[in-house]
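Colleague: Supplied in structure tokens, the structure appears directly below.
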Amino acid sequence: MATSQIPDLWSDQILPAVATPKSLLEMQAKKLATHTNGLVVAEVTRSERTADTVSHHLVVRAPVRNFSQEVLEIRHHKMVVYPCTIHAEELESEFADEAEAYSPQQVLDALAQVLRSPRIVALVNSLVALSNDD
Numbered sequence: 091m092a093t094s095q096i097p098d099l100w101s102d103q104i105l106p107a108v109a110t111p112k113s114l115l116e117m118q119a120k121k122l123a124t125h126t127n128g129l130v131v132a133e134v135t136r137s138e139r140t141a142d143t144v145s146h147h148l149v150v151r152a153p154v155r156n157f158s159q160e161v162l163e164i165r166h167h168k169m170v171v172y173p174c175t176i177h178a179e180e181l182e183s184e185f186a187d188e189a190e191a192y193s194p195q196q197v198l199d200a201l202a203q204v205l206r207s208p209r210i211v212a213l214v215n216s217l218v219a220l221s222n223d224d
């Protein structure tokens with residue numbers, strides 16, 4: 091078989107640019123501040139769970155009220171970011187409050203489920219209302 095006849099067996103889903111779970115969280119954090127005119131913001135914090143595992147936490151804050159609450163966590167191996175595990179009360183999956191994501195799109199789908207959930211919408215709207223009540 092000639093070299094030119096050897097098929098490319100790699101998936102079309104392998105891309106030259108792939109967003110990390112952390113960068114997806116950071117973008118959503120920036121977008122919250124825009125939605126609320128800065129009254130409610132979000133930040134991404136990092137912690138090391140083990141020598142090989144890292145966690146990124148999305149924390150919603152109302153600076154005027156000195157209030158913060160973690161709304162989700164994403165865990166992955168330090169050197170292999172996919173698959174990653176997303177942990178949040180709002181996730182509906184076979185693993186109760188966790189979902190496993192193998193791609194940026196799956197992370198975005200899980201984030202949408204959490205960030206658009208009634209509890210998170212109510213939390214953010216409550217913090218906006220209280221921040222405006224000064």
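Here my numbering is used: the first residue of the sequence shown is 91, the next is one more, and so on. Using N, Cα and C, we set each Cβ at its ideal position, and we do this for glycine too.
1. Excluding the five sequence neighbours on either side, which residues of its own chain have a C-beta within less than 6 angstroms of the C-beta of Leu220, listed in chain order?
2. With a 10 Å radius around its C-beta and 16 neighbouring C-beta atoms as the bar for buried, classify Leu105 as buried or exposed.
3. So, helix, strand or coil for Val130, using DSSP?
4. Scan the segment 144 to 211 and note each continuous beta strand (DSSP E) run of 3 residues or more that stays entirely inside, going in chain order.
5. Tell me, to the nearest whole angstrom, how far the beta carbon of Val150 is from that of Ala178; I am working on the premise that it is less than 8 angstroms.
6. For the alpha helix (DSSP H) that Ala119 lies in, which residues bound it at each end?
7. Here's the rule I'm using: 16 or more other beta-carbon atoms within 10 Å means buried, otherwise exposed. How should Val197 be labelled?
8. Please check the pair His147 and Val134, which I expect to be a contact at CB under 8 angstroms, by giving their CB distance rounded to whole angstroms.
9. Whole angstroms are fine: how far does the CA of Arg206 sit from the CA of Ala92?
10. Check each candidate in Lys112, Phe157, Val130 and Ala152 and name the one with the smallest Cα separation from Arg136.
Modeller: The short version:
1. Arg155
2. exposed
3. coil
4. 157 to 167, 174 to 177 and 188 to 191
5. Going by Cβ atoms, the distance from Val150 to Ala178 rounds to 12 angstroms, so no, they are not a contact pair.
6. Pro111 to His125
7. buried
8. 7 angstroms
9. 53 angstroms
10. Lys112
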